[in-house]
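Heads up: the structure comes next, in structure tokens.
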Amino acid sequence: MRRVTLILRDDVDPYLPIEAEAISPEIFSKRIDVSVYVGNERKRITDVFDIRVDGEAAGPAATEIILVGDCHQVKRVGEYMTNGKIIVEGNVGMHCGDFMAGGTIEIGGNAGDWLGREMLGGSIICHGNAGNYCGSGYRGGRKGVRGGEILVEGNVGDYCAECLFGGLVHVKGNAGIHAGSNMKGGKLLIEGDCLMPCGDMFAGEATVYGHVTDFLPTFREIGKVTESGHHLTVFQGDVAHRNAKGTLRVGSFDRI
Amino acid sequence: MDYIINNAYVVDPINKISGEIRDIFVSNGRITDEEPKGAEVIDAGGCLTLPGGIDSHTHICGTKVNFGRYMSPEDMRAGRAPRRKGMRAVSGYSIPTTYGNSYRYALMGYTTLTEGAMAPLEARHTHEEFKHTPLQDGLVLTLFDGDWGVMRAVASGDIKRAAALIAWRLDAVKGYGVKLTNPLGAEMWSWGKNVECIRKPIPDFDLSPAEYIKGVIEANEMLGLPHSVHLHCNNLGKPGNYTCTIGTMGLVPDLNTKRQTAYLTHVQFHAYGGTGWNDFCSKSEPVANMVNLRPQVTIDMGQVMFGRTTTMTADGPMEFNLYRLHQDKWSNHDVELETASGVIPVIYRRKNLVNSIMWSIGLELALLVKNPWQCLLTTDNPNGAPFVKYPEIIGLLMSKEYRDREFATVHAKTASRVVLPALDRELTFEEIAVMTRAGQARALGLIERGKGHLGPGAEADIAVYPIKPEKIDPSRQYAEIIRSFAQTKYTMKLGVMISKDDQILADNQNRTFWCSPQVPKEYDMSKDPELIRTFDRYYTIRMENYAVDEDYYLTKSMKIETETML
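Here it is as structure tokens:
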């Protein structure tokens, strides 16, 4: 088991983005001496982080990476990871867990935008809030998250789970506008409130326990259900789309 | 810089040179007979040397293209290349950045591009994008398919007035030629309808597409324009539309001795049989036969290649039909009093029967039209495929073996709907040279401008491909053909080396050719009360703000004044 602890150095400019796709168990199980882009300059990772390594490498599955400090500008942590574990003690920047296919990312603070974009598998747990496009696809793309699980214990921004194709996106707080728009599969669960969800939904299951503001008129009511103590109204849609098979269940709503 | 290109295997169909080892002398941007002194010597080593490529129908600049970019940010994930020495960063596949277009065309040996459709009202945007397409000369065809003034003039039988209106507008928007996209379709589309082939008159104007096409062809010839009417026929993409295409070709008189009288573009999309998608089939044979019978008609293929792309056209209703088929993204645009447009992304799949038939039809047209000067190589970039697929199309046309191999991978039922497997013809290097540069130069009236050939006095647009025609059998070594047509050894434009292997070596070499027909005073429409009233009442822009400023919007303006017969 190898444990790599990365402590963000105090002299790092908090306003310069750091492109750190190299921070992933695959790479760290082989070597630590990688480079990252800070702004438009290529630097060694030791210029950005103080690094402590414990234990011997035995493949990505037995590699754990711990990020210490406010890493809100450190982007693409865990991109393409397939195994192992990343623990972020503070905040993390944009695109954390992009294209992730396996393993676990646990974020103690807040996550930036695009958390788990186009994820294929594995799991992400964010104890704080997540930004916009949490668990979504690429802008304009057809297929978003295809598998895996994302759990956000706080709130998420706009366009959460856009183009969701498979897997589960679970938000314990509130979501912004257009959660689950263009959904084509998978499950979306928002325990709090949200605004205008699931526009142009094709398929999949979305549930909002709280209140939906500006509920779209293009959903057809098909019944009522009780789940985990929440009384929900069940809709099918989005009927603006031909042969729509999506299910949207909401606690309460007011129409647009 | 002057150049001597030694030992070049020259194919120059306009000067009737079909594969001779020669030396080419370049001095002051032009090809000369005399050996220049102090010139840089380049050894072509017996490699295929052609005039610079000319694309006679492509969509690379303008609002439609840019809207494709807005709609498909995911397209920019492909084709990314970082900045290199002398090259900007580029991205995009079917609708790349303007520099991406320019670099890729340059590497394929292309030095002249024709934007196939520009809405006159949006000319500024088109010219601005051409300004940033640094390595090719640009020509812009201007849309007249729904021009109220011209429609009224043709309906009342006043062809001279129609010609005068076309002349005024071409001059105002710095256009090169006249494009008709689904003639009169845009007007009907503003009522949510479309025209049905060419015979039925549209309401309010009491004018049929057939009358309009004939009127505009006549007006075009009156103005003495270098290019003929550039026609995208009615009913594009509908099963059974080949009768409409043949009917349209039947309308075309033979009015010009130097070139065709009508240029029918992307005919692959217009050669469909059947009554619906279930019995959809190829009707390339009757269409090609009609082209063979009518020398006044030139067509281009509009070949479809499998993969992802973006379709864009001024044919608004057709794009709406496509949207209803695909249920994906769609954009639609109405250009006041002038034209319309639509954009949707598509994926052409081998496993799809209709797509496989479309792929076959384009190739069939190129193989069945006997005279290569009458059928030019295009994909209607990016509608059929992005232009980077041209080398593959050349490979398919030159090799029956390659066609058969590809045919084995398409939808199994295709064989019963097309004639492609029965065609044995394999095109030669000379025919390919005609279909990619010489034919275009003739069709666009550019031979007099020194384009499309390598005779003395011609502009030194030269492409040297890394292939020795004497030592290769294209019908078997098609992989090599594809590889070498994808990237030249040298591309030269007007005597400037713009690319060498995969390196871009120049910038700011682009010029814009445009036509200003010289009409007599009584036909000067800038003072015409009816046109002024049209602007005052209906346009959102004032007439005095309409014209494109030549100095500001055109990098290097190449004005062509034509003599008219008004």
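Residue numbers (our numbering), protein chains in the order written: chain H, 1 to 256; chain U, 257 to 822. For glycine and all other residues, C-beta sits at the position ideal for the given N, C-alpha and C.
Taking all protein chains in view, the Cβ of U:T389 is crowded by 16 or more other Cβ atoms within 10 Å, so the residue is classified as buried. DSSP places U:W770 within a strand segment (E or B) once states are collapsed to three.
In the DSSP assignment, H:Y159 falls outside any alpha helix (DSSP H), carrying neither H nor E. U:I649 and U:K539 have their C-alpha atoms roughly 20 angstroms apart. A Cβ-Cβ contact shorter than 8 angstroms links U:R286 with U:E715. Secondary structure note for H:M81: it is in no alpha helix (DSSP H), with a DSSP letter that is neither H nor E.
With its beta carbon less than 8 angstroms from one in chain H, U:S328 belongs to the interface.
In the displayed model, U:P376 falls within a helix according to three-state DSSP. Pairing U:P647 with U:I754, the inter-Cα distance amounts to about 20 angstroms. Under a criterion of Cβ atoms nearer than 9 angstroms, the residues of chain U adjacent to H:H241 are, in order, Q583. Chain-ordered, the chain U residues with CB closer than 9 angstroms to the CB of H:R139 read P329, E330. Taking the CA atoms as reference points, H:V225 sits about 48 angstroms from U:S612. Closest option to H:R117, judged by alpha-carbon separation, among H:Q236, H:G148, H:E89: H:G148.
Among the residues of the segment 330-353 of chain U, those with a Cβ less than 8 angstroms away from any Cβ of chain H are E330, D331, R333, in the order of the chain. With fewer than three CB-CB distances shorter than 8 angstroms, the segment 318-335 of chain U does not count as touching the segment 683-696 of chain U. For U:F536, the three-state secondary structure derived from DSSP is coil. Rounded to whole angstroms, U:G394 and U:D279 show a C-alpha spacing of 29 angstroms. The C-alpha of U:M748 lies about 6 angstroms from the C-alpha of U:A719. Here the alpha carbons of H:G251 and U:A373 stand approximately 52 angstroms from one another. By DSSP's assignment, H:D50 forms a beta bridge with H:I7.
Closest in C-alpha terms to U:I760, from the list U:K724, U:N357, U:M781, comes U:N357. In the assembly as shown, U:G342 is an exposed residue. Its beta-carbon has fewer than 16 other beta-carbons within 10 Å. Under DSSP, U:L619 forms no beta bridge with any residue.
Under a 10 Å Cβ-count criterion, H:P25 is classified as buried, with 16 or more other Cβ atoms of the shown protein chains found around its own Cβ. Residue state for U:F562 is assigned as coil, using DSSP reduced to three classes.
Take U:S782, set aside five residues on each side of it, and the residues of its chain with a beta-carbon closer than 7 angstroms to its own are W424, in chain order. If only complete runs of 3 or more residues are kept, the segment 259-340 of chain U shows the beta strand (DSSP E) at 259-268, 273-283, 286-288, 296-299, 304-307, 309-314, in order along the chain.
Contact between the segment 473-488 of chain U and the segment 514-521 of chain U is established, with three or more Cβ pairs separated by less than 8 angstroms. Under the DSSP assignment, H:F253 falls in the beta strand (DSSP E) whose first and last residues are 246-255. Unbroken alpha helix (DSSP H) runs of no fewer than 4 residues, entirely contained in the segment 402-478 of chain U, are found at 404-411, 415-429, 441-445, 465-478, following chain order. Contact check for U:T820 against U:V775 passes: the beta carbons are separated by less than 8 angstroms.
Counting only the Cα atoms, U:D401 lies some 8 angstroms from U:E443. Looking at the DSSP output, U:D556 bridges to U:L632.
When C-alpha distances from H:G237 are compared across H:F215, H:D50, H:I23, H:D54, the shortest belongs to H:F215.
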